[in-house]
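Please read the structure below before turning to the comments.
2 protein chains.
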Amino acid sequence: MTAESGIDVLVSEVGPRDGLQSVARPMPTDVKHGWIAALAAAGLPEIEVGSFVSPRLLPQMADAADVVREAVRIPGLTVLALVPNLKGAERALAAGTPKLTMPVSASRQHSMANIRKTPEEAVEEVRRVCALRDETPARQRFDVEVGVSTAFGCTMEGPVSEDWVITLAVRLAEAGADSVGLSDTTGYANPAQVKRLFGRLRRELGEKAGGAHLHNTRGQGLANVVAALEAGVTTFDASLAGLGGCPYAPGASGNIVTEDLVHLLESMGLRTGIDLERLIAARALISEGLPGEPLYGHVAEAGLPKGFAYAAQRKAA
Amino acid sequence: MTAESGIDVLVSEVGPRDGLQSVARPMPTDVKHGWIAALAAAGLPEIEVGSFVSPRLLPQMADAADVVREAVRIPGLTVLALVPNLKGAERALAAGTPKLTMPVSASRQHSMANIRKTPEEAVEEVRRVCALRDETPARQRFDVEVGVSTAFGCTMEGPVSEDWVITLAVRLAEAGADSVGLSDTTGYANPAQVKRLFGRLRRELGEKAGGAHLHNTRGQGLANVVAALEAGVTTFDASLAGLGGCPYAPGASGNIVTEDLVHLLESMGLRTGIDLERLIAARALISEGLPGEPLYGHVAEAGLPKGFAYAAQRKAA
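If you read the protein sequences in the order shown, they are chains A and B. Residue numbers in the first sequence follow the working numbering, run continuously in steps of one, and reach 388 at the last position. Residue numbers in the second sequence follow the working numbering, run continuously in steps of one, and reach 388 at the last position.
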């Protein structure tokens, strides 16, 4: 993060994509619009608003183009959408999406089960999307971010080779990705591994080393954030209210909770640009769009500590 | 931790004291015996088994002497009990307790509300207990550990001066305490603060710098463990199943969960000497003694990762 941006760490909200994708029933499109607007108003600089996958497979994401078209009108917000392949990228481009994210699984079994492609075939798909980016006129140009999923272990394969994760990340950068991050899809990561692997990623990829997508399945989500910070990571995905997965349920999403992440960072003196009260208030929109859906998170329940001060306030003092 | 001990980090179980103290109804004494035996059999090297406070104030702890007498018969286990003052220390000594722990609050308001003593008066009480230790015959000699409570902030006072926390810790060491640790009684600590404060504690106290007692009230418990490890801390308190406090409820105990802590440490390659399956199985004894009491913890619910290996196994491989 640059000093000009006024923030030290970029928190990227994935609830409207990753969260909603794990909930069977769809959230009404107008509630999505309102929720994304509330998240942006709370200061979130980047939001992953949807996924350009087959509406047959994920009816919750059928309105992705509408959601993108509304979200890109919000000043100062970086709008991100997931695309699984070139076809999805073409749809995302048509909707005017400024930043695409593509998951590429390091685990061969997970990759085959999930997208019926080997990791090597997935790299070629990233190359095709990057070629589309490069031939797109500048005013419609989009960024391509890749997240290496199952980078810290796989529920099917168990441990995943760290050398292979780094090799794959290098190939993805060479294929043209603007940045390559690492995802703990399965909640297997531990802080020592996170620090080691992000350290290697940054040494190998330099400027193209991307952010951390961490889960809290075994309660280690924020512990892994601390380790990633030590390795120099400055971008973190998180989901408001941990939407889409009980942190306890194996196989469920279990994203780290945005409110808890922001509280952690701000309490450590790292500026996020996010207002915690407004962020917590935005939980109500999840309940409006998905009545009865469980909301997770410690800070929303326990409240802010007495005398809590944002990092920027403390820097000014 | 020494290489001879075969462990890298000492996990000290506080459930039978700190956990049970927060539960209104008492656990039957024979269930306590069985639970402590099961914890020791799982490999826990140290257990805080009770509190020598007034049975009028805490009827749950009325059987402390019985519990100590049974626990000290378990080979290899360090048995710890909390004492608030000299009178409690005399009762603990009569029961044959080998290690006493005394809480001294850094927050003046918390100290007055809790024990009706100023921090300075509490230091004098520690001095009296250390004098009792020094005049006790060698075969009954006990250690005196002090935990500085509200060291990272106070629900009444808000922020607590770090300089004052260190000053107080130095006075406690000078008063004769064998070790002085820091407690995040209120769940206010953040990783930057934990690393800074334990770093200072270790520089000031050297060998007498004690362990970390961390809470998970705002979801930062294990994140703070990572920071404390970075500062060189090798002893951590934790409570099986997070007994005695919903991690969400302000004012509740919210101890970090022993199972989750052990999984974190072992996954990082740090040996605890503890068997996770046996540890998780010991949760059943809480339910036996306190039917319906909520049990917390991520690892017990999500299970161990596929291909999980203990630190010792990996070191041997």
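All C-beta atoms, glycine included, are put in the ideal place defined by N, C-alpha and C. Please read these numbers as outputs of a predicted model, since none were measured by experiment.
Cutoff 8 angstroms: residue i Cβ touching any chain B Cβ
| i | result |
| --- | --- |
| Glu331/A | Glu is not the amino acid found at residue 331/A; the sequence shown has Asp there. Output row for Asp331/A: interface = yes. |
| Asn185/A | no |
| Ala389/A | In the structure displayed, chain A extends from 72 to 388; residue 389/A sits before or after that span and is not available. |
| Leu335/A | yes |
Within chain A, partners of residue i - CB distance below 7 angstroms
| i | result |
| --- | --- |
| Thr343/B | What Thr343/B touches in chain A: nothing, since even the nearest Cβ is about 14 angstroms away. |
Closer than 8 angstroms at the beta carbon, the chain B residues around residue i
| i | result |
| --- | --- |
| Gly90/A | Here the premise fails: no neighbours, minimum Cβ distance about 17 angstroms. |
Min CB distance residue i to chain A below 8 angstroms
| i | result |
| --- | --- |
| Pro321/B | Unreliable placement is indicated for Pro321/B, whose pLDDT of 47 sits below 50; the coordinate value is still reported in the next sentence. Yes - at least one Cβ of chain A is within 8 angstroms of the one on Pro321/B. |
| Asn261/B | yes |
| Pro318/B | Summary for Pro318/B: the model assigns pLDDT 45, below 50, so the residue's position carries little reliability, and this model does not support an answer. |
| Glu84/B | no |
Span of the alpha helix (DSSP H), counted from its first residue to its last, around residue i
| i | result |
| --- | --- |
| Val370/A | 370–373 |
| Gly344/B | Gly344/B -> no alpha helix (DSSP H), and no H or E assigned at all. |
| Leu164/A | 157–165 |
| Ser220/B | Where Ser220/B is concerned, there is no enclosing alpha helix (DSSP H), although the beta strand (DSSP E) it sits in stretches over 214–220. |
| Thr329/A | 329–338 |
| Gln291/A | From DSSP, Gln291/A is part of no alpha helix (DSSP H); its letter is neither H nor E. |
| Lys266/A | 262–276 |
| Asn185/A | 179–186 |
| Glu195/A | 190–206 |
| Thr100/A | 100–112 |
| Arg140/A | 135–142 |
Pick from the options that is closest to residue i, judged by C-alpha positions
| i | options | result |
| --- | --- | --- |
| Glu191/B | Val236/B, Gly86/B, Tyr367/B | Val236/B |
| Leu293/B | Val265/B, Glu141/B, Leu314/B | Val265/B |
| Leu300/B | His286/B, Gly290/B, Gly282/B, Arg289/B | Gly282/B |
| Pro376/B | Arg354/A, Ala352/A, Gly86/A, Thr257/A | Thr257/A |
| Val102/B | Asp134/B, Gly277/B, Lys279/B | Asp134/B |
| Val175/B | Gly229/B, Arg289/B, Gln384/B, Val219/B | Val219/B |
| Tyr166/A | Thr343/A, Phe213/A, Phe307/A, Thr226/A | The question names Tyr, but residue 166/A is Ala in the sequence shown. Out of Thr343/A, Phe213/A, Phe307/A, Thr226/A, Phe213/A has the C-alpha closest to the C-alpha of Ala166/A. |
| Gly378/B | Ala260/A, Leu336/A, Val241/A, Phe269/A | Ala260/A |
| Ala263/B | Ala302/B, Thr288/B, Arg273/B | Ala302/B |
| Val333/A | Leu91/A, Ala371/A, Glu275/A | Ala371/A |
| Pro146/B | Met132/B, Ala109/B, Gly368/B | Ala109/B |
| Pro126/A | Arg144/A, Gln92/A, Ile118/A | Gln92/A |
| Ser83/A | Leu285/A, Leu128/A, Ala298/A | Leu285/A |
| Leu347/A | His369/A, Pro365/A, Arg271/A, Asn326/A | His369/A |
| Gly90/B | Gly315/B, Asp234/B, Leu366/B | Gly315/B |
| Gly86/B | Asp79/B, Gly77/B, Gln131/B, Ile78/B | Gln131/B |
| Phe223/B | Glu216/B, Val215/B, Glu233/B, Val217/B | Glu233/B |
| Ala304/B | Val241/B, Arg179/B, Asn295/B | Correcting the residue type first, residue 304/B is Val in the shown sequence and not Ala. Minimum Cα distance to Val304/B is reached at Asn295/B. |
| Thr226/B | Ser182/B, Ala383/B, Arg199/B | Ser182/B |
Amino acids of chain B, ordered along the chain, whose beta-carbon sits closer than 7 angstroms to that of residue i
| i | result |
| --- | --- |
| Ser178/A | Under the 7 angstroms cutoff, chain B gives no residues; its nearest Cβ is about 11 angstroms from Ser178/A. |
| Ser338/A | Asn261 |
| Ala298/A | Val297 |
Continuous beta strand (DSSP E) stretch holding residue i: start and end
| i | result |
| --- | --- |
| Thr172/B | 170–176 |
| Asp308/B | 306–309 |
| Ala283/B | 280–284 |
| Asp249/B | Where Asp249/B is concerned, there is no enclosing beta strand (DSSP E), given that its DSSP letter is neither H nor E. |
| Ile118/B | 117–122 |
| Thr149/A | 149–153 |
| Leu81/B | 81–84 |
Checklist line | Chain-ordered residues of the region 365–388 of chain B with a beta carbon less than 9 angstroms from chain A | finding: Gly368, His369, Val370, Ala371, Glu372, Ala373, Gly374, Leu375, Pro376, Lys377, Gly378, Phe379, Ala380
Next item on the list: Could you name the residues of the region 272–296 of chain A whose beta carbon sits closer than 9 angstroms to any beta carbon of chain B, in the order they occur along the chain?
Entry: Asn287, Thr288, Arg289, Gly290, Gln291, Gly292, Leu293, Ala294, Asn295, Val296
Next item on the list: Check distances from the C-beta atoms of the region 213–233 of chain B to those of chain A and list, in chain order, the residues that come in under 8 angstroms.
Entry: Gly224, Cys225, Thr226, Met227, Glu228, Gly229, Pro230
Notebook entry, point to check: Looking at chain A, which residues of the region 239–263 of chain B have a Cβ within less than 8 angstroms of any of its Cβ atoms?
Noted result: Thr257, Gly258, Tyr259, Asn261, Pro262, Ala263
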